[in-house]
Amino acid sequence: MFSSPLSRLTSLLLTKVLGDYIDGLDSRSFSISILSGQVKLQNLSLKKTLFQNLEMPIELVEGYLGHLELSIPWKALTTEPVIVRVSDVFVLVKSQDPHLELSPQEMMERAFRTKLKWLLFAELTKADMPPEAALLTETQLDAPENGESGYFEKLLTQTLDNLQIFVENVHVRLTDSVTVPDQPRAAGITLDRLHIQSANPDWVPSYITVGGETMYKLLECTNLAAYVDTKPDLIEYSSIDQYAQAMRMAMRFGKHHPAYVVAPISAVIKANISRRSEPDLSRPKIILTADINQVELALDSAQLHSILDFIAGLSTYKSKLRHQKLKPPKGISP
Numbered sequence: 043m044f045s046s047p048l049s050r051l052t053s054l055l056l057t058k059v060l061g062d063y064i065d066g067l068d069s070r071s072f073s074i075s076i077l078s079g080q081v082k083l084q085n086l087s088l089k090k091t092l093f094q095n096l097e098m099p100i101e102l103v104e105g106y107l108g109h110l111e112l113s114i115p116w117k118a119l120t121t122e123p124v125i126v127r128v129s130d131v132f133v134l135v136k137s138q139d140p141h142l143e144l145s146p147q148e149m150m151e152r153a154f155r156t157k158l159k160w161l162l163f164a165e166l167t168k169a170d171m172p173p174e175a176a177l178l179t180e181t182q183l184d185a186p187e188n189g190e191s192g193y194f195e196k197l198l199t200q201t202l203d204n205l206q207i208f209v210e211n212v213h214v215r216l217t218d219s220v221t222v223p224d225q226p227r228a229a230g231i232t233l234d235r236l237h238i239q240s241a242n243p244d245w246v247p248s249y250i251t252v253g254g255e256t257m258y259k260l261l262e263c264t265n266l267a268a269y270v271d272t273k274p275d276l277i278e279y280s281s282i283d284q285y286a287q288a289m290r291m292a293m294r295f296g297k298h299h300p301a302y303v304v305a306p307i308s309a310v311i312k313a314n315i316s317r318r319s320e321p322d323l324s325r326p327k328i329i330l331t332a333d334i335n336q337v338e339l340a341l342d343s344a345q346l347h348s349i350l351d352f353i354a355g356l357s358t359y360k361s362k363l364r365h366q367k368l369k370p371p372k373g374i375s376p
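Residues are numbered in my numbering as their position in the sequence shown, beginning at 1, plus a constant of 42.
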């Protein structure tokens with residue numbers, strides 16, 4: 043097992059971050075897996091608090107992550123990429139009554155959680171750091187190399203530049219039976235496959251090193267779609283396996299199904315990114331070239347009304363949250 047200040051800090055950060063979203067994560071075994079460079083997790087449940095900081099009238103019904111794999115070549119970070127593989131992400135949320143009032147305790151908890159998110163990384167690198175991570179001193183992380191920049195900074199930059207991300211089978215679905223109770227609706231986003239990787243100037247996937255003024259990123263997307271179903275079937279299940287299967291089947295509309303507002307899109311996007319820190323008026327910072335098979339958009343009156351109803355409910359909810367902070371507690375009158 044390879045252990046270094048960098049690997050221990052990475053283990054700490056990932057354990058903390060994923061622990062906020064994944065229910066029942068075994069922090070000890072997860073940390074050990076990260077230190078070994080190979081992490082494989084299956085059949086994970088997302089925490090019910092996932093969307094509580096968004097200030098939206100929605101709540102998580104069920105969240106499922108079928109497969110999460112991390113491959114971190116600690117002994118070869120300068121020659122091999124870090125690979126992240128995620129598959130079978132199924133998230134089911136439902137709308138809440140936009141007129142629902144939060145208790146003062148819930149308001150305080152939401153504000154507290156939001157503040158914690160902003161301070162997370164600052165806290166992790168200070169008071170919340172375990173004793174062994176104290177080895178990450180400025181001398182170790184910023185040891186000069188070639189008189190230009192710290193070793194840690196260059197290694198981190200090169201690792202992030204070569205990060206490969208594979209995502210497969212994503213379905214996020216919102217059901218709304220509150221806005222118009224006798225007319226339930228459902229809306230969602232589906233994705234079959236997403237792959238992000240680095241490339242050379244000829245757009246051939248490859249490992250890139252620090253240096254040069256340009257970085258090339260290749261993004262391949264298969265069957266990204268959005269739908270609004272005004273006559274949806276219910277997602278019924280009695281076990282997590284049945285839930286995953288139901289969500290998987292619910293994302294398989296026919297290609298020209300009327301529920302689609304954006305029919306499945308497949309694309310290859312090439313990003314030419316300037317690495318120069320100083321302004322360069324001779325070219326944009328990012329140049330994107332997209333090869334898209336075709337784009338089909340459709341929206342009927344029922345779908346439009348469904349979208350407008352949800353936006354109106356969202357506006358009502360946000361306005362209520364702003365003014366509820368000024369409302370005196372019950373039992374106190376002016």
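All residues carry an ideal CB built from backbone N, CA and C; glycine is no exception. All values derive from a computational prediction rather than experimental measurement.
- Under the three-state reduction of DSSP output, Lys-273 falls in the coil class, being neither helix nor strand.
- Secondary structure within the region 43-103: the alpha helix (DSSP H) runs of 4 or more consecutive residues, fully enclosed, are 47-61, 69-78 (chain order).
- Going by beta carbons, Gly-105 and Ala-286 fall outside the 8 Å limit.
- Gly-79 places its beta carbon 8 Å or farther from that of Pro-123.
- Burial check for Ser-343: the Cβ neighbour count within 10 Å stays below 16, so the residue is exposed.
- Residue state for Phe-295 is assigned as coil, using DSSP reduced to three classes.
- Taking a 10 Å sphere around the C-beta of Lys-273, we find fewer than 16 other C-beta atoms and assign the residue as exposed.
- Ser-316 has Thr-256 as its beta-bridge partners, per DSSP.
- The Cβ atoms of Leu-88 and Asp-65 sit closer than 8 Å to each other.
- The bridge partners DSSP lists for Ser-137 are Ile-100.
- Counting along the chain, the unbroken beta strand (DSSP E) around Ala-241 starts and ends at 227-241.
- Counting every other CB atom within 10 Å of its CB across the protein chains shown gives Thr-201 a total of 16 or more, marking it as buried.
- A straight-line Cα-Cα distance of about 28 Å links Phe-194 and Lys-312.
- The bridge partners DSSP lists for Tyr-302 are Tyr-269.
- In this structure the region 326-343 does not touch the region 277-294; the number of beta carbon pairs closer than 8 Å is below three.
- Rounded to the nearest angstrom, the gap between the Cα atoms of Leu-86 and Phe-208 is 18 Å.
- For Ile-329, the enclosing beta strand (DSSP E) covers residues 328-334.
- For Asn-211, the enclosing beta strand (DSSP E) begins and ends at 206-218.
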